[in-house]
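*Asks:*
Numbering (this note's numbering), first residue to last: 21 to 83.
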């Protein structure tokens with residue numbers, strides 16, 4: 021069984037992905053992590069990584 025992503029992670033990730041889909045064309049976690057940290061002010065490293073992981077999942081599904 022996998023881990024459940026919270027509503028905050030899903031909403032923030034979906035909002036960032038729909039506002040700037042061209043920034044998340046690459047499906048690598050490292051590139052998406054850098055893009056998330058440039059575009060949004062996120063206080064914790066763990067939350068940034070969760071959002072970047074969710075965006076990576078969204079980008080892979082779109083391809």
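Every residue, glycine too, gets a C-beta built ideally from N, C-alpha and C.
Evaluate residue 61 with the Cβ neighbour count: other Cβ atoms within 10 Å of its Cβ, from every protein chain shown; 16 or more gives buried, anything less gives exposed.
*Replies:* For the purposes of this step, residue 61 is identified with residue 41 of the chain shown, where counting begins at 1. So residue 61 counts as exposed.
*Asks:* In the structure shown, what three-state DSSP assignment does residue 22 receive?
*Replies:* Within the chain shown, the letter at position 2 stands for residue 22. Of the three classes helix, strand and coil, the one that applies to residue 22 here is coil, per DSSP.
*Asks:* What does the Cβ neighbour count give for residue 38, buried or exposed, with the cut at 16 atoms within 10 Å?
*Replies:* Here residue 38 refers to the residue found at position 18 of the chain shown. Result: exposed.
*Asks:* Beta-carbon within less than 8 Å of residue 48's beta-carbon, same chain only, minus the 5 sequence neighbours each way: which residues are those?
*Replies:* Position 28 of the chain shown, counted from the first residue, corresponds to residue 48. Result list for residue 48: 76, in chain order.
*Asks:* Alpha carbon to alpha carbon, how far is residue 80 from residue 30?
*Replies:* Mapped onto the chain shown, residue 80 falls at position 60. Mapped onto the chain shown, residue 30 falls at position 10. Their backbone Cα atoms lie some 15 Å apart in a straight line.
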